[in-house]
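In our numbering, the protein residues as written are 1422 to 1638. All residues carry an ideal CB built from backbone N, CA and C; glycine is no exception. Have a look at the structure below, then the notes.
In structure tokens form, the structure reads like this:
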């Protein structure tokens, strides 16, 4: 199976977690796009969705799926999203698509976070994938210097402006042995909006497709 076929397969399997769920949190990325396509086939049985990005909102609306404001919905039952890396403790690196801040907000507001991915995203230790950090534009250089002090090599993702009108620093050369501690340390840097470590609030369920098999844990 191709990587795209693996993504399709795990996206379809995630539908089991949204049965009888009126409002669904929907993430961003290539695997989630397949989930959205499947969601369109059952849009008559849901009240709507809460979206993590402008791109996801546009895709949902183009398929006739209602998009609601999180402020009006309150707590969500289920949030479905992908990941760039997943460790054995269900902690994640996310933000390759620059939607990390809104993704973190929806994850925090959800009772159950379902992470869907192909098996290539599973790692023993997070950090090979550069860690995205969303920053206020005027703080970019300052935050970068502080990230160097934490052992990383930050690179400005030039040309990338987030949906919140901020910038992204991708932090290379990290071996993240204590994800919760690093997440807290980066959050304390003035000018950081959000860091793409989902450690303090990890996924509740990981679903990965490996060959013909869906591995869930």
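Evaluate residue 1430 with the Cβ neighbour count: other Cβ atoms within 10 Å of its Cβ, from every protein chain shown; 16 or more gives buried, anything less gives exposed.
-> So residue 1430 ends up on the buried side.
Would you kindly work out how many angstroms separate the C-alpha atoms of residue 1619 and residue 1514, rounded to a whole number?
-> Rounded to the nearest angstrom, the two C-alpha atoms are 6 Å apart.
Proximity to residue 1438 [Cα-Cα], best of 1428, 1460, 1566 = Comparing alpha-carbon positions, the option among 1428, 1460, 1566 lying closest to residue 1438 turns out to be 1460.
Where does the unbroken alpha helix (DSSP H) through residue 1649 begin, and where does it stop?
-> The chain is shown from 1422 up to 1638; residue 1649 falls before or after that span and cannot be answered.
Proximity below 7 Å, CB of residue 1471 to CB of residue 1478 | Their beta carbons are not under 7 Å apart, which means residue 1471 does not touch residue 1478 by this criterion.
Residue 1423 classed as buried or exposed, judged by whether at least 16 other C-beta atoms fall within 10 angstroms = With fewer than 16 Cβ atoms within 10 Å of its Cβ, residue 1423 is classed as exposed.
Starting from the Cα of residue 1574, find the closest Cα among 1559, 1550, 1587 and give me that residue.
-> Among 1559, 1550, 1587, the Cα nearest to that of residue 1574 belongs to 1550.
Give the secondary structure of residue 1489 by DSSP, where H, G and I count as helix, E and B as strand, and everything else as coil.
-> In this structure, residue 1489 counts as coil in the three-state DSSP scheme.
Whole-Å CB distance - residue 1527 paired with residue 1497, under 8 Å assumed = Going by Cβ atoms, the distance from residue 1527 to residue 1497 rounds to 7 Å, so yes, they are a contact pair.
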